Amino acid sequence: MPEEWRRNLEKAYDRVPREELWYCMRKSGVAEKYVRVVQDMYERSRTVVRCAVGQTEEFKVEVGLHQGSALSPFLFAMVMDQLSEEVRQESPWTMMFADDIVICSESREQVEENLERWRFALERRGMKVSRSKTEYMCVNERGGHGTVRIQGEEVKKVQEFKYLGSTVQSNGECGKEVKKRVQAGWNGWRKVSGVLCDRKISVRIKGKVYRTVVRPAMLYGLETVSLRKRQESELEVAELKMLRLTDVPT
1 MPEEWRRNLE KAYDRVPREE LWYCMRKSGV AEKYVRVVQD MYERSRTVVR
51 CAVGQTEEFK VEVGLHQGSA LSPFLFAMVM DQLSEEVRQE SPWTMMFADD
101 IVICSESREQ VEENLERWRF ALERRGMKVS RSKTEYMCVN ERGGHGTVRI
151 QGEEVKKVQE FKYLGSTVQS NGECGKEVKK RVQAGWNGWR KVSGVLCDRK
201 ISVRIKGKVY RTVVRPAMLY GLETVSLRKR QESELEVAEL KMLRLTDVPT
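Structure, rendered in structure tokens:
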């Protein structure tokens, strides 16, 4: 009876304590000279807040990662890797991408227990689990009548959720995801229809464009999905329609 909960950290980048950042960098084996370089980037950083009525006085920023910095995602991943070391399990029981995490368990009780372990491990180090974005899903409806709570607060139960762009459904089906992929394929086809329908362009070039733009959009995330014959047929029919509409010189 698989149970899943998906949770998000609240204002994740803005809540990373600086001391935790230095600690996690050192624990990850980052050379001390690079730790000091990053410290120089963050120390004495100041900012202001602008709004409709004016601008605040300058103040120090002593927590959080720099927004928009190319380095911030790597630093955040390093922090999450260290802070979750005690509680995370191997895939597929734990799936992590930045601040978006999916935990799978075999019962509601295990889900609640794991959720509390994650909450404690993260919140004692300055992070916070977002109560509004955390969702709970039961794959087996026969066992899905209970509730899951975070410190007494009930977690929202859903029949589906999106993770890394893919839709996960409680009934184990993937029909909605297939329809979404077909739509994404058509969107990609329309973007390059000027090339695909141009009789002056060779079939070889059109094939490269189709395989580069259209097909990846339609098959994204489906490599590991167990499709039914009907769903395979939906994808094949969509592709045949696109190819028929492509103006191939004879």
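Mapping of the sequence shown onto UniProt numbering: residues 1 to 250, in sequence order.
Note that beta-carbon positions come from the ideal geometry of N, C-alpha and C, so glycine has one too.
Because the structure is a prediction, the values reported are computed rather than measured.
Three-state class that DSSP yields for ILE201 in the structure shown: By 1-based counting over the sequence shown, the position of residue 201 is 201. ILE201: coil per DSSP, three-state reduction.
Simplified DSSP state of GLU128, which is helix, strand or coil: In the sequence shown, residue 128 corresponds to position 128, counting from 1. Here residue 128 is Lys; the residue named in the question, Glu, does not match the sequence. Note: LYS128 maps to coil in three-state DSSP.
Proximity winner among LYS176, VAL155, GLN151, relative to LYS162 (alpha-carbon distances): Translated into the one-based positions of the sequence shown, residue 162 becomes position 162. Across the set LYS176, VAL155, GLN151, the C-alpha of LYS176 shows the shortest separation from the C-alpha of LYS162.
Contact set for ARG181: own chain, Cβ-Cβ below 8 Å, skip 5 residues either direction: The count along the sequence shown starts at 1 and reaches residue 181 at position 181. For ARG181, where only same-chain residues beyond five positions count, the Cβ hits under 8 Å are ALA217, MET218, LEU219, TYR220, GLY221, LEU222, LEU235.
Option nearest SER105 by Cα separation, candidates GLN89, ALA98, GLN231, PHE120: Working through the sequence shown from its first residue, we reach residue 105 at position 105. SER105 has its Cα closest to that of GLN89, out of GLN89, ALA98, GLN231, PHE120.
Secondary structure of residue 254, DSSP reduced to three states: Given a span of 1 to 250 for the chain in the structure shown, any question on residue 254 remains unanswerable.
Residues near SER72 in its chain [Cβ-Cβ closer than 6 Å; skip 5 each side]: If you number the sequence shown from 1, residue 72 lands on position 72. Excluding positions up to five away in sequence, the list reads LEU65, HIS66.
Where LYS27 falls, given that 16 or more other Cβ within 10 Å makes a residue buried: To locate residue 27, count along the sequence shown from 1; it is residue 27. Classification for LYS27: exposed.
Sequence-distant residues of the same chain with beta carbon closer than 8 Å to GLU57, five excluded per side: In the sequence shown, residue 57 corresponds to position 57, counting from 1. Hits under 8 Å: VAL48.
Between the CA atoms of GLU20 and THR212 - distance to the nearest angstrom: Here residue 212 is taken as the residue at index 212 of the sequence shown, counted from 1. Here residue 20 is taken as the residue at index 20 of the sequence shown, counted from 1. GLU20 has its alpha-carbon roughly 42 Å from the corresponding atom of THR212.
First and last residue of the uninterrupted beta strand (DSSP E) at GLN169: Residue 169 sits at position 169 when you count from the first residue of the sequence shown. First-last of the beta strand (DSSP E) with GLN169: 166 to 169.
When VAL37, ARG44, MET80 are compared against ALA98, the one with the closest alpha-carbon: In the sequence shown, residue 98 corresponds to position 98, counting from 1. Nearest in C-alpha terms to ALA98, of all of VAL37, ARG44, MET80, is MET80.
For ASP14, three-class secondary structure by DSSP: Stepping through the sequence shown from its first residue, residue 14 is reached at position 14. Correct three-state label for ASP14: helix.
Closest residue to MET78 among VAL102, SER130, ARG18, VAL195 (Cα-Cα distance): For the purposes of this step, residue 78 is identified with residue 78 of the sequence shown, where counting begins at 1. Closest option to MET78, Cα to Cα, is ARG18.
Three-state secondary structure (DSSP) of TYR136: Taking the first residue of the sequence shown as 1, we reach residue 136 at position 136. Strand.
VAL148 vs GLU112 beta-carbon contact at 7 Å: As a working note, residue 148 is residue 148 in the sequence shown. As a working note, residue 112 is residue 112 in the sequence shown. Contact flag set, yes.
Close-in-space but distant-in-sequence residues of the same chain around ARG131 (CB under 7 Å, 5 per side omitted): Working through the sequence shown from its first residue, we reach residue 131 at position 131. Counting only Cβ-Cβ distances below 7 Å, and skipping sequence neighbours, we find ILE150, GLU153.
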